[in-house]
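Participant: Take this structure, written in structure tokens, and hold onto it; I'll ask about it next.
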């Protein structure tokens with residue numbers, strides 16, 4: 129049992145776009161922060177601590193936690209920076225949970241942000257890998273994803289068309305989300321006809337580059353109910369950042385997500401995730417992951433992911449909608465992306481998701497993905513946890 | 023705050039250039055030292071927090087380089103970017119939240135592999151002032167000037183910090199620059215950025231530190247001597263140097279007040295037996311002591327002349343030799359915590375402070391001490 | 004243990020992070036730089052609640068978060084709050100050492116800006132002395148549109 133139970137009481141996002149030339153980084157951060165404060169009906173004076181993160185080499189600014197205080201509101205407050213690559217946003221959410229659960233702070237402001245338009249994203253990501261062993265032969269994020277997709281296709285016979293169905297779903301969902309960057313429906317034919325980036329991944333299979341920020345306010349059980357009528361309770365968090373070298377990865381399965389999800393299900397007493405979870409905001413940077421990773425989550429059997437997607441079960445109105453927000457394929461300000469998943473899951477639980485609302489959400493999952501095939505995960509619930 | 027303790031520490035030797043060791047090699051060494059110190063195995067560690075910085079490491083997602091070496095493969099793990107005291111704070115939070123019984127915290131950097139002037143220049147705002155070309159040394163020199171002007175602290179007093187800390191380092195086998203020097207040596211060393219001479223500045227260093235934090239139940243389970251965490255607080259000032267009152271560390275004063283109050287210490291000066299503070303530059307040791315309330319404002323230089331801060335003084339400060347004798351950034355603050363733990367256990371060897379019961383450790387983030395983290399540690403529960 | 008590398012030079016892999024950056028200034032900074040470039044004016048923004056004028060200008064008050072910041076022209080003269088004379092040719096320096104950096108509190112502003120101090124006798128520079136901006140002849144919209152600050156004699 130945590131010392132203090134923790135809930136999300138407010139969220140704020142920018143309207144994510146490919147370029148935001150009208151604001152600098154601090155000003156972008158401030159937009160999300162002000163929206164979150166407004167959502168929770170709090171002022172910056174009510175905030176006890178700030179948790180912030182991004183990926184350093186996407187903006188080229190060292191000590192971002194210190195640099196950003198004009199926008200984050202961190203002046204004369206405790207400010208801490210967490211950064212773990214693509215998982216940064218979800219790592220921040222877990223960090224916010226821990227800081228509140230520990231009893232150190234009552235209300236914590238969590239901020240993830242990125243201005244991907246300011247640098248060469250692939251050039252920066254490539255430097256994540258070991259300079260002696262991996263960096264010289266492996267470029268950017270997409271090559272790892274292509275390796276995963278190829279391994280899965282070889283094992284289970286999934287097709288590019290199966291993956292395209294996932295892109296079509298997410299892009300359709302994104303039309304309901306005013307914050308998403310890409311809000312235009314696409315067809316399976318569009319995906320298959322789009323340029324091949326790294327076989328088998330087409331342009332429309334992958335996430336865009338986005339400028340955006342997200343802020344989430346977490347509060348402890350003593351005040352959460354006073355701030356908002358329906359808080360989003362954090363039931364459990366878990367992560368696995370297993371691999372250091374690309375050659376170590378078990379390609380074709382995301383065992384980091386399998387490990388994290390089993391830990392969460394065990395903590396929360398969830399036996400049949402497919403039935404007990406009502407909605408998932410999956411950090412799914414490319415379409416094939418929409419097939420593979422639901423198997424790791426225990427939602428579909430091994431090799432049956434595509435079948436489950438084609439059944440329409442994960443569409444809006446299906447038995448387990450995935451990415452009502454449109455997900456990462458429609459919007460990807462990397463340092464914010466994982467936190468956006470968390471915020472969107474919170475909106476679903478709080479009943480504030482407007483046109484993208486899934487009815488009667490009791491349990492939601494948000495995930496983060498990044499690094500060397502790493503995963504983070506949070507379980508959100510409408511009911512206050514009983515442990 | 024619920025009870026928690028540091029139950030194991032491991033520090034590598036601090037060196038100018040660990041050319042034979044990768045980040046992972048350093049972390050592996052520090053982690054195994056800490057586990058041995060705590061009488062634990064890696065299986066007794068519930069979760070891991072690594073501390074690193076992508077700029078210093080020349081690597082995006084710098085934590086990826088040390089995941090294996092810190093034993094994090096099958097555990098929950100996170101990464102703090104900033105000084106090790108902040109990493110340790112997050113590690114402590116993860117224990118106090120009830121999520122985990124033990125946290126392994128690591129912090130590493132290799133200053134030798136990069137150009138510190140360019141890396142710290144990247145901490146300046148890219149739109150307004152980065153292109154002017156300031157870096158950490160020149161910015162801190164400007165702060166030193168402002169501090170000297172306000173308090174009347176002299177170059178000789180600052181030099182005495184260097185003399186004291188390099189002298190203390192003679193007793194610490196892990197330190198990089200043990201030196202028997204004089205005030206004249208410091209004042210005669212190269213003027214890098216007036217008023218800071220070469221010997222007013224900490225060196226570029228490689229090193230790693232690991233610390234194991236446990237909740238009350240687990241703290242006494244393995245047989246090492248726990249050192250109890252009584253207060254921790256951190257706070258950030260404004261960002262732009264021109265927004266701050268540069269000669270004062272307002273955020274440190276606030277963090278220290280809060281930490282002392284958590285530890286129920288009302289008169290820090292009489293209750294604290296030993297301090298390890300972030301002496302990246304000589305003037306900082308004096309300035310931080312005053313801001314923390316361990317000395318009357320503006321009087322640290324005079325007290326130093328009186329010998330208060332020596333190993334046998336009223337309040338020994340940086341008996342390990344401090345950062346002036348070896349400064350692996352990021353690890354810097356975590357080493358301060360580990361050194362206080364050694365003191366309170368009576369295991370500091372030749373630089374042991376007799377009868378030390380309570381100590382304070384301190385870490386810094388950002389330019390000119392924008393953000394500070396203060397730890398109060400106690401021999402007693 | 005025998006050190007098999009005893010007579011071997013340690014291998015070192017050299018690399019660098021070569022990522023090009025183009026930072027959007029944003030509308031607030033753009034206005035500051037346009038005024039500097041076109042009119043040799045130094046602009047700040049003021050918060051009426053906190054009663055503070057910030058230079059560089061802020062879009063939102065960093066202290067109270069209100070958005071109604073008023074544009075204010077501040078003087079190109081002010082007081083030297085602190086300084087350093089950089090003697091070593093640090094890697095970050097774009098000019099030849101010695102270079103003097105100063106924090107200048109411009110008249111009308113409540114914060115200071117960072118810039119170069121030139122044409123000053125090194126033994127004569129003092130905190131509290133008055134300095135004035137020397138604008139560059141060719142201005143392109145950056146902090147270098149101010150060439151430096153010089154003592155007011």
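Chains as they are written, first to last, in the numbering used here: chain A, 129 to 515; chain B, 23 to 403; chain C, 4 to 156. We treat Cβ as the ideally placed atom computed from N, Cα and C, and that holds for glycine. Remember, it's a predicted structure, so these values are computed and weren't measured experimentally.
1) Can you name the residues of chain F whose CB is closer than 8 Å to the CB of residue 106 of chain C?
2) When the Cα atoms are used, what is the spatial distance from residue 213 of chain A to residue 184 of chain A?
3) In terms of residue numbering, what span does the beta strand (DSSP E) encompassing residue 216 of chain B cover?
4) Could you check whether the Cβ of residue 208 of chain A sits closer than 9 Å to any Cβ belonging to chain B?
5) Say whether the segment 179-191 of chain B touches the segment 321-340 of chain B, bearing in mind that this needs 3 or more beta-carbon pairs closer than 8 Å, one atom from each stretch.
6) Report the option in B/278, B/327, B/334 and B/286 whose CA atom is closest to the CA atom of residue 311 of chain B.
7) Sorted by chain position, which residues of the same chain lie with C-beta nearer than 7 Å to residue 28 of chain C's C-beta, five sequence neighbours on each side aside?
8) Using a cut-off of 8 Å between C-beta atoms, extract the partners of residue 188 of chain A located in chain B.
9) Grab me the residues of residue 186 of chain A's own chain with a C-beta within less than 8 Å of its C-beta, minus the 5 sequence neighbours each way, in chain order.
10) Ignoring anything shorter than 3 residues, give me the beta strand (DSSP E) runs that lie fully in the segment 235-320 of chain A, in order along the chain.
11) Who are residue 141 of chain A's beta bridge partners in DSSP?
12) Count the other CB atoms within 10 Å of the CB of residue 209 of chain A; is the residue buried (16 or more) or exposed (fewer)?
13) For residue 439 of chain A, collect the residues of the same chain with a Cβ closer than 8 Å to its Cβ; drop the 5 residues on either side in sequence, then sort them by chain order.
14) What is the DSSP secondary structure of residue 446 of chain A, reduced to helix, strand or coil?
15) Less than 9 Å separating the beta-carbons of residue 141 of chain A and residue 343 of chain A?
16) Select from the segment 191-219 of chain A all residues with a C-beta closer than 7 Å to any C-beta belonging to chain B, and list them in chain order.
17) Hey, out of B/177, B/180, B/356 and B/196, whose CA is closest to residue 343 of chain B's CA?
18) Could you compute how far the alpha carbon of residue 43 of chain C sits from the alpha carbon of residue 94 of chain C?
19) Check whether the segment 140-159 of chain A and the segment 373-390 of chain B are in contact - that is, three or more C-beta pairs closer than 8 Å.
20) Taking a contact to mean a Cβ-Cβ separation below 9 Å, would you say residue 316 of chain A touches residue 410 of chain A in this structure?
21) Report buried or exposed for residue 399 of chain A, applying the criterion of at least 16 other Cβ atoms within 10 angstroms of its Cβ.
22) Going by beta carbon distance, what residues of the same chain come within less than 7 Å of residue 260 of chain B, once the five residues before and after it are set aside?
23) Which bits of chain A does residue 61 of chain C rub up against, with CB to CB less than 8 Å?
24) Where do the ends of the beta strand (DSSP E) carrying residue 226 of chain B lie?
25) What in chain A is Cβ-close to residue 28 of chain C, meaning under 7 Å?
26) Can you check which of these residues, B/374, B/308 and B/367, is closest to residue 334 of chain B by C-alpha distance?
27) List the residues of chain C whose Cβ lies closer than 8 Å to the Cβ of residue 153 of chain B, in chain order.
28) Show which residues of chain B have a CB atom less than 7 Å away from the CB atom of residue 378 of chain A.
29) So, for residue 223 of chain A: in the same chain, excluding its five sequence neighbours on each side, which residues have a beta-carbon less than 6 Å away from its beta-carbon?
30) Residues in its own chain within less than 6 Å of residue 365 of chain A by CB, not counting five upstream and five downstream?
31) Quick one: which residues of the segment 98-115 of chain B get their C-beta closer than 8 Å to a C-beta of chain C? List them in chain order.
32) Under 9 Å between C-beta atoms, does residue 133 of chain C make it to chain B?
33) Tell me where the beta strand (DSSP E) around residue 451 of chain A begins and ends.
34) Report the residue ranges of all beta strand (DSSP E) runs contained in full by the segment 162-193 of chain A; include only those spanning at least 3 residues, in chain order.
35) Looking only at its own chain, which residues have a Cβ that is under 6 Å from the Cβ of residue 365 of chain B, when we skip the five neighbours before and after it?
36) Any idea what DSSP makes of residue 391 of chain A, helix, strand or coil?
Facilitator: Once the coordinates are examined:
1) This model lacks chain F altogether; the protein chains it does include are A, B and C.
2) If you draw a straight line from the Cα of residue 213 of chain A to the Cα of residue 184 of chain A, it comes to about 9 Å.
3) Here the beta strand (DSSP E) through residue 216 of chain B covers 213-216.
4) Using beta-carbon distances, residue 208 of chain A counts as an interface residue toward chain B, with a partner under 9 Å.
5) Inter-segment contact for the segment 179-191 of chain B and the segment 321-340 of chain B is present: three or more beta-carbon pairs are separated by less than 8 Å.
6) Of the listed residues, the one whose Cα sits closest to residue 311 of chain B is B/278.
7) Within the same chain, 36 come within 7 Å of residue 28 of chain C by CB-CB distance, once the 5 residues on both sides are set aside.
8) Result: 144 and 148.
9) If the five residues before and after residue 186 of chain A are omitted, its C-beta is found closer than 8 Å to the C-beta atoms of 242, 243, 244, 246, 247, 249, 252, 462 and 463, all from its own chain and listed in chain order.
10) Listed in chain order, the complete beta strand (DSSP E) runs (minimum 3 residues) inside the segment 235-320 of chain A are 235-243.
11) Residue 141 of chain A pairs with A/342.
12) Counting the other CB atoms within 10 Å of its CB gives residue 209 of chain A a total of 16 or more, which places it among the buried residues.
13) These residues qualify, in order along the chain: 446.
14) In the structure shown, residue 446 of chain A adopts coil according to DSSP, grouped into three states.
15) Yes.
16) Contact annotation: in the segment 191-219 of chain A, residues whose CB is within less than 7 Å of a CB in chain B are 191, 193, 194, 195, 197, 198, 202, 203, 204, 205, 206, 207, 208, 209, 210, 211, 212, 213 and 219.
17) Comparing Cα-Cα distances from residue 343 of chain B to each of B/177, B/180, B/356 and B/196, the minimum goes to B/196.
18) Taking the straight line joining both Cα atoms gives about 30 Å.
19) With a cut-off of 8 Å, the segment 373-390 of chain B and the segment 140-159 of chain A do not count as touching, because too few Cβ pairs lie within range.
20) No, they are not a contact pair.
21) Exposed.
22) Excluding residues up to 5 positions away in sequence, 266 lie with their Cβ nearer than 7 Å to the Cβ of residue 260 of chain B in the same chain.
23) Chain A residues near residue 61 of chain C: 198.
24) Unbroken run through residue 226 of chain B: none, as it is neither H nor E.
25) Residues of chain A whose Cβ lies closer than 7 Å to the Cβ of residue 28 of chain C are, in chain order, 152.
26) Selected option, being the one with the closest Cα: B/374.
27) Chain C residues near residue 153 of chain B: 97, 145, 146 and 147.
28) The contacting residues do not exist; residue 378 of chain A stays about 12 Å from chain B at best.
29) Within the same chain, residue 223 of chain A has close Cβ partners 179 and 210.
30) Only 222, 225 and 506 meet the Cβ criterion.
31) In summary, no residue of the segment 98-115 of chain B has a CB separated from any CB of chain C by less than 8 Å.
32) By this cut-off, residue 133 of chain C is not an interface position.
33) Run containing residue 451 of chain A: none; DSSP gives neither H nor E here.
34) Scanning the segment 162-193 of chain A from its first residue to its last, the whole beta strand (DSSP E) runs of 3-plus residues come out as 177-181.
35) Contacts found: 296, 375, 378 and 381.
36) The DSSP-derived three-state label of residue 391 of chain A is helix.
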